[in-house]
Each structure stands twice: as C-alpha cells, then as structure tokens.
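For reference, the structure discussed in these notes is given below.
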Amino acid sequence: MTARMTAVPSSSSLAAAPARAAPLRGSVVRGILLMCLGVSMFPLLNASVKLLTANYPIAEIVWARFTGHFIWMLLVFFPSHGWRLFAARRPFVQLARSFLLLGSTAFFVSAIGHIPLATASAIGFTSPFLVTALSVPILGEPVGPRRWTAVIIGFLGALIVVRPQPTLDGGAVLLLLCSAVCYALYQVMTRKGGAHDNAATAIVYAALVGMLATSAVVPAVAILPERPLDWALFAAIGLFGGFGHYFLVRAFQNAPAAVISPIGYVELVGTTILGYVLFGNFPDGWTWVGVAIIIACGVYVGYRERKRRESRPQMT
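Residues 8 to 323 in the working numbering are what the sequence shown spells out, letter by letter.
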C-alpha cells in the first residue's frame, strides 16, 4: 500500500539514499531473503482487504490499515529512536508523501473489491514507469531514449492487462490507475526527502498521517466486526502492511537494488494463487502476456536506472 497497498520500492525510489560499500555475500543473501519475506506479505494484505470490502466501509478498512501499521512500526522503532523518530528534517515533504500514500491506498481499497487480485497487482506494477516519467519535471532528472522506450512498452503491457473485457469493471480500473499515479508521486517525494530523513521516520510518518486523517471519518461510518475472522483480518492488514514495508527497507539496506528489485515481481505469484484459491479468479492468456511485458520493462527500467547512477552525468 503500496500504492497502493502492494507497493514494492523500485531501485529508483532509493536513489536518494547515501552511498555505501558493496555488501558482503552473506548480506546479499540476507537481503534476498528479506525481500522474499516482504513481498510475501502483500498478497496476504490485498486478499484480506478484498475479503473485508464485502461488508465494511472503505474508510474503516483504510483506518485499520494505517493504525495497525503505525502501532507495529512504533513497537519496532521507538525503543531505538525514541522521540527522534518524529523529528523530520523535511516535515512538509513527509506530509506530502504521506497524503499521497493515503490517497493511493484509498483508491486501491475502493477498487479491489471489484477486480481480480492478479489484475490489480499487475496494474500497480506500472508505478516504476510513472516514477521514471515524473522524475523529469519534478526532479529534473534526464531520461534517455532507452528508458522512454521501456516506459512506453510497459504501458502497452498494462493496456493488454486492462483491455476491454465483459468481466472487468472499468471504474475499478480507473481507480487503480489513480492509485498507481499517487504511489508514483509518493516514490518521487520519497526520493526528494530521502537524503534528509531516515527510513524509520519516513515509514512511521506515512502510517501516522493516514491514521490521523481517517480517524476523523471512521466514527461516523464504522461497523463493529461480528465474526472472529473479521476481527483477525482487521488486525492482520496493519501487520502485513507494516512489516511488509519494514522487511523491504531492511532488504534494500542489505543488498543492491539491482539484485533484489526484480524479486518484487514474485508478489504476482502469491497474488495469483490467493486470487484463485479464495475468489476463483485466474488470469487468462492475454493477461499473462501483459504481465510478462510489464515485468520485463520494469526490470529493464531498474537496470538502466542503476547504469545511469554509475555513469553520471551521461544520459541513459
């Protein structure tokens, strides 16, 4: 929540992080394992949200998502950081990115009840292309013809996924695209403030703003869960979301982005399995073609981003 709720940080979203020495081999393995653990959380998160949308208001689900995220991350980071955890050096940037994440999450939750899990996840993976496009006007970064070509082909893959289908809700697709745009802007703002605030502060701020903003609405619309399963799902979405992002941050701290970013697409496997087991949805052949194009172009964009940073100031 990523985005959207399933967000996997691209290599470009971490470009503002301080340079460091190449990790040791054992550290790379640890990074890969952490990445696998992180992305395994997001299909569970999305499936839980989809189950809840059948009976509960969107605002209540979003509130539970951010409140649980905030509580879990507070338990993880506060003992080591104390009140410094909330001392953002660029508070306006943190607030802006947090509201963008809130918008992305709200759009995603609004759509997920009306569209197959795998399709929703595939649309969400267009965010790296949007980040590349938005980095030109917002960050002033050069984008060469190779990356522009990959971005255009990646969007063609997305069009294949969302092609006109009698079973696909056009309004839900539009909401998911809005979610992807908000998440891309969130990543761009993360890059803008990444050199000033550490990851722990950024993660906690994102959850705090979402929790406070939705707390003003929830009392008027909330429905008390009746079944133990619903209580468990509400508790789980904060845990899956919070620790999913935490494990991703730890993964990028242990291994190069070029090594572990492609692992993020493994999320589509878990999403497809859960979508079939829980909801009876399985992507058709054309959807898989579109997904393959999105993955290939996303990996290439990440690769060219790494090459760009290695060969600055040349365009890639």
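C-beta: ideal position from N, C-alpha, C; glycine also.
Run the CB neighbour count on residue i, radius 10 Å, all protein chains shown included, and call it buried at 16 or more, exposed below.
i              : result
serine 20      : Because serine 20 carries a pLDDT of 39, less than 50, the predicted location of this residue cannot be relied on, and the following value inherits that uncertainty. With 16 or more Cβ atoms within 10 Å of its Cβ, serine 20 is classed as buried.
proline 171    : exposed
alanine 209    : buried
proline 50     : buried
isoleucine 230 : exposed
alanine 94     : exposed
alanine 123    : Note that residue 123 corresponds to proline in the displayed sequence, not to alanine. Answer is buried; the Cβ neighbour count reaches 16.
alanine 299    : exposed
glutamate 67   : buried
glycine 161    : buried
leucine 183    : buried
leucine 255    : buried
glycine 178    : exposed
serine 142     : buried
leucine 236    : exposed
leucine 181    : exposed
alanine 165    : buried
leucine 163    : exposed
arginine 313   : buried
arginine 234   : exposed
My assumption, with CB atoms under 8 Å, is that residue i sits in contact with residue j. Please give the rounded CB distance.
i              : j            : result
valine 211     : valine 308   : No, valine 211 and valine 308 are not in contact; Cβ-Cβ is about 29 Å, not under 8 Å.
valine 138     : alanine 213  : So it is not a contact: roughly 17 Å between Cβ atoms.
threonine 294  : valine 168   : 6 Å
valine 150     : alanine 113  : That belief does not hold up - the Cβ atoms of valine 150 and alanine 113 are roughly 29 Å apart, past 8 Å.
methionine 218 : threonine 74 : 5 Å
tryptophan 79  : leucine 246  : 6 Å
Just to confirm my understanding: we take residue i, look at its own chain, exclude 5 residues before and 5 after, and list those with CB closer than 8 Å. What are they?
i              : result
methionine 196 : Val100, Ala103, Arg104 and Leu107
isoleucine 39  : Ala258, Ala262, Val266, Ile267 and Ile270
isoleucine 244 : Leu52, Ser55, Val56, Leu59, Ile68, Ala71, Arg72 and Gly75
Would you report the Cα separation of residue i and residue j, rounded to the nearest angstrom?
i                 : j                 : result
glycine 277       : phenylalanine 289 : 12 Å
alanine 61        : glycine 120       : 7 Å
valine 224        : leucine 109       : 14 Å
arginine 311      : alanine 140       : 14 Å
valine 46         : glycine 251       : 6 Å
serine 128        : threonine 174     : 17 Å
proline 64        : glutamate 148     : 40 Å
aspartate 204     : arginine 97       : 7 Å
aspartate 291     : valine 35         : 35 Å
serine 134        : alanine 187       : 5 Å
phenylalanine 136 : phenylalanine 115 : 18 Å
leucine 82        : alanine 220       : 21 Å
tyrosine 373      : phenylalanine 85  : With the chain represented from 8 up to 323, any question about residue 373 goes unanswered, as that position is not in the structure.
arginine 11       : methionine 48     : Its pLDDT being 46, under 50, arginine 11 is placed unreliably in this model, and the value from its coordinates should be taken loosely. Roughly 14 Å separates the two Cα atoms.
valine 306        : leucine 92        : 33 Å
valine 216        : valine 284        : 34 Å
glycine 131       : serine 117        : 14 Å
alanine 28        : tyrosine 253      : Here alanine 28 scores only 45 on pLDDT, less than 50, and its place in the model is too uncertain to base an answer on.
Between residue i and the rest of its own chain, which residues show a CB-CB distance below 6 Å, the 5 nearest in sequence each way excluded?
i              : result
glycine 248    : Met8, Leu52, Arg72 and His76
methionine 42  : Ala258, Ile267 and Ile270
isoleucine 145 : Val195
leucine 275    : Ser128
cysteine 189   : Leu107, Gly110 and Ser111
cysteine 185   : Phe114
If I measure Cβ to Cβ from residue i and keep anything under 7 Å in the same chain, skipping five residues before and after, which residues do I get?
i              : result
leucine 240    : Ser55, Leu58 and Leu59
isoleucine 302 : Tyr272
arginine 154   : Thr139, Val308, Arg311 and Thr323
valine 296     : Ile167
histidine 88   : Ala207
proline 232    : Trp238 and Phe241
Please indicate yes or no: does the CB of residue i lie closer than 8 Å to some heavy atom of the ligand ADP?
i          : result
valine 211 : The model on display carries no ligand, and the ligand ADP is accordingly not part of it.
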